[in-house]
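**Q** Take a look at this one; I'll ask things after.
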Amino acid sequence: MSGSGPQKSPSGRSARRAARTRGAGDKGQDGADALAAADPTVGLANRAVSGHIADLIQKIKESADKLARDHTSRGDLKILARTLLELRYAFKVFAPYRSHRKVTVFGSARTLPDEPAYQQAVRFGREIAKQGWLVVTGAASGIMEAGHVGAGRDHSMGLNILLPFEQAANSVIAGDDKLVHMKYFFTRKLMFVKESHAMCLLPGGFGTLDEGLEVLTLLQTGKRDMVPVVLLDEPGGDYWVDFQRFVEKNLLGRGMIDRDDLSLFKRTDDVADAVGEILQFFRVYHSMRYVRSNLVLRLNRPLDETFLDQINARFADILDGGRFTQGGPLPEEKDEPDLDRLARLIFPFNRRALGRLRQLIDCLNRESVEGSGES
């Protein structure tokens, strides 16, 4: 699904219906056996899929059994039990919305409704929701509330953290089926990063910087598939201006990051630019997947041969031998049949130059190699 145009709004009613439909398929093995009896071909497919799932669940059970053998402490067991509980439920809540584009909005819980940054977050939430996107936030007050106010309840999802202060769910998302309460920051951050297709950061405190820097670290190291990251200031604001100055002086200036790493985020104080940056990212590029030694970029349309030649010339530095080639879906991608229609750009990526990879994606979306960094 491309993020370049409006998407169908997922109303609370349709989402709950999707959840019920999904739940109806989880009736246990009796239902699968009955279906297999009626259609042996379906039964074979179900058994193949169930086998993979059963293997993974068995590994979880075996790890749990080893905890008793290891004499794991009660405190450690509580951490593991709560982690599994939180992630299982969060996966269940987000599953019906997996096909919808989502942007996570980070920012301070202490920003007041009359402050410019709050109003900027409202505008951003409103404009990105118009494009059919869901807005995911920490579900509390301040910037998190503002993003939901702009998006509205039907386009909002929340991952609230349980704290003794500050973190009651805001009135937009409180009581909604799309709200998850979590005890641990690390499970919450995992869901923010795993489930979102873009990140928008407004001014915030330690938590906002922690979340933003973790996202950038995951992108820089290839631990997260590439997504657009926007640092959004209030109009005329300098919060992210000062942040970028710090990064360029103290991180880039001391050789702690590469200059290409600055391509991993965009700074702006204009909502239209922020929304445009996110939508532009999915104009041609769709998604990515590693297959053996190759990186496969799925594209919304194929490249012409002249442009492909230019890509090979301009981005040869990120190859681990070989060339950029085009093709259809690889056999290993058969588990994603909905993506068969997409074109593929296939190449042996060196898995180090992630800033350059982002520049390549920008180049594909512009359909031009101009301004793509190295020549």
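Per the working numbering, the sequence shown runs over residues 743 to 1117.
Ideal Cβ positions, reconstructed from N, Cα and C, are used throughout, including at glycine.
From a predicted model like this one, the values you see are computed outputs, not experimental measurements.
Check whether the Cβ atoms of Met968 and Leu960 sit closer than 8 angstroms, and answer yes or no.
**A** No, the Cβ-Cβ distance between Met968 and Leu960 is not below 8 angstroms.
**Q** Just to confirm the assignment, what range does the beta strand (DSSP E) spanning Phe1024 have?
**A** Looking at the DSSP string, Phe1024 is not in any beta strand (DSSP E), and its letter there is neither H nor E.
**Q** If you draw a straight line from the C-alpha of Ala1095 to the C-alpha of Gly1063, how long is it?
**A** Those two C-alpha atoms are separated by around 14 angstroms.
**Q** Under a Cβ-count criterion, where at least 16 other Cβ atoms within 10 Å of its own Cβ denotes burial, should Pro1073 be classed as buried or exposed?
**A** Exposed is the call here.
**Q** What number of angstroms, rounded off, separates the C-alpha of Gly853 from the C-alpha of Asp896?
**A** This sequence places Thr at residue 853; Gly is not what is there. Using only the alpha carbons, I get a separation of about 23 angstroms.
**Q** Is it the case that the Cβ atoms of Arg1040 and Arg1086 are separated by a distance below 8 angstroms?
**A** Going by C-beta atoms, Arg1040 is nearer than 8 angstroms to Arg1086.
**Q** Heavy atom of the ligand HEM less than 7 angstroms from the Cβ of Glu937, yes or no?
**A** Absent from the structure shown: the ligand HEM. Ligands present: none.
**Q** In this structure, does DSSP put Gly949 in helix, strand or coil?
**A** Correct three-state label for Gly949: helix.
**Q** If you pair each beta-carbon of the stretch 919-930 with each one of the stretch 818-832, do three or more pairs fall below 8 angstroms?
**A** Enough Cβ pairs lie closer than 8 angstroms, so yes.
**Q** Taking the CB atoms as reference points, tell me whether Gly892 and Ala863 lie closer together than 8 angstroms.
**A** It is a contact, given that the beta carbons lie within the stated cut-off.
**Q** Exposed or buried, Phe985, counting other C-beta atoms within 10 Å across all chains shown (16 or more means buried)?
**A** The residue in question, Phe985, is buried, as its Cβ has 16 or more Cβ neighbours within 10 Å.
**Q** Using the three-state DSSP reduction, which class does Ser883 fall into: helix, strand or coil?
**A** Looking at Ser883 - three-state DSSP - the assignment turns out to be coil, as it is neither helix nor strand.
**Q** Scan the stretch 814-874 and note each continuous alpha helix (DSSP H) run of 4 residues or more that stays entirely inside, going in chain order.
**A** Counting only runs of 4 or more, we get 816-836 and 858-872.
**Q** Identify whether Gln1101 lies in helix, strand or coil by the three-state DSSP scheme.
**A** Looking at Gln1101 - three-state DSSP - the assignment turns out to be helix.
**Q** Fully enclosed by the stretch 996-1083, which beta strand (DSSP E) runs are 3 residues long or longer?
**A** DSSP runs (the beta strand (DSSP E)) wholly in the stretch 996-1083: 1008-1010, 1027-1033, 1036-1041 and 1067-1069.
**Q** Kindly say whether Pro1090, judged by its beta-carbon, lies nearer than 8 angstroms to any beta-carbon of chain D.
**A** Absent from the structure: chain D. Only one protein chain is present.
**Q** DSSP state of Ile799, grouped into three classes?
**A** Helix at Ile799.
**Q** Near Leu958, which residues of its chain fall below 6 angstroms by C-beta distance, leaving aside the five closest residues on each side in sequence?
**A** These residues qualify, in order along the chain: Leu1006.
**Q** Of the choices Arg1001, Phe848 and Phe988, whose alpha-carbon is the least far from that of Phe719?
**A** With the chain covering only 743 through 1117, there is no way to say anything about residue 719.
**Q** Per the contact definition of three or more C-beta pairs closer than 8 angstroms, is the stretch 1047-1061 in contact with the stretch 1099-1109?
**A** Yes, they touch.
**Q** Taking the CB atoms as reference points, tell me whether Gly867 and Val878 lie closer together than 8 angstroms.
**A** Not in contact: Gly867 and Val878 (Cβ atoms no closer than 8 angstroms).
**Q** Quick one: what does DSSP say Asn1107 is sitting in, helix, strand or coil?
**A** In this structure, Asn1107 counts as helix in the three-state DSSP scheme.
**Q** Between which two residues does the beta strand (DSSP E) holding Leu1087 run?
**A** Run containing Leu1087: Ala1085 to Phe1089, per the beta strand (DSSP E) assignment.
**Q** Here's the rule: buried if 16 or more other CB atoms are within 10 angstroms of the residue's CB, otherwise exposed. What is Glu1112?
**A** By the 10 Å Cβ count, Glu1112 comes out exposed.
**Q** Does the beta-carbon of Leu944 have 16 or more other beta-carbons within 10 angstroms, so that it is buried, or is it exposed?
**A** Counting Cβ neighbours within 10 Å, Leu944 comes out buried, since at least 16 surround it.
**Q** Would you mind working out which of Lys820, Thr1010, Asp818 and Ala871 sits nearest Val971, comparing C-alpha positions?
**A** Closest by alpha carbon: Thr1010.
**Q** Along the chain, where does the alpha helix (DSSP H) containing Val983 start, and where does it finish?
**A** Counting along the chain, the alpha helix (DSSP H) containing Val983 begins and ends at Tyr981 to Phe988.
**Q** Considering Cα atoms alone, identify which of Leu1061, Arg1083 and Glu1078 is closest to Gly1070.
**A** Ranking Leu1061, Arg1083 and Glu1078 by Cα distance to Gly1070 puts Arg1083 first.
**Q** So Phe1089 and Arg1065 are in contact, right, with Cβ under 8 angstroms, and what is the actual spacing, rounded?
**A** At roughly 7 angstroms, the Cβ-Cβ gap stays under 8 angstroms, so Phe1089 and Arg1065 are in contact.
**Q** For Ala940, which option in Trp982, Asn912 and Gly1018 has the closest C-alpha, if you only look at C-alpha atoms?
**A** Among Trp982, Asn912 and Gly1018, the Cα nearest to that of Ala940 belongs to Gly1018.
**Q** Please classify Ser841 as buried or exposed, where buried requires at least 16 neighbouring CB atoms within 10 angstroms.
**A** Classification of Ser841: exposed, given that the 10 Å Cβ count is below 16.
**Q** Is the beta carbon of Gly884 less than 8 angstroms from the beta carbon of Ala851?
**A** A contact, by the Cβ cut-off of 8 angstroms.
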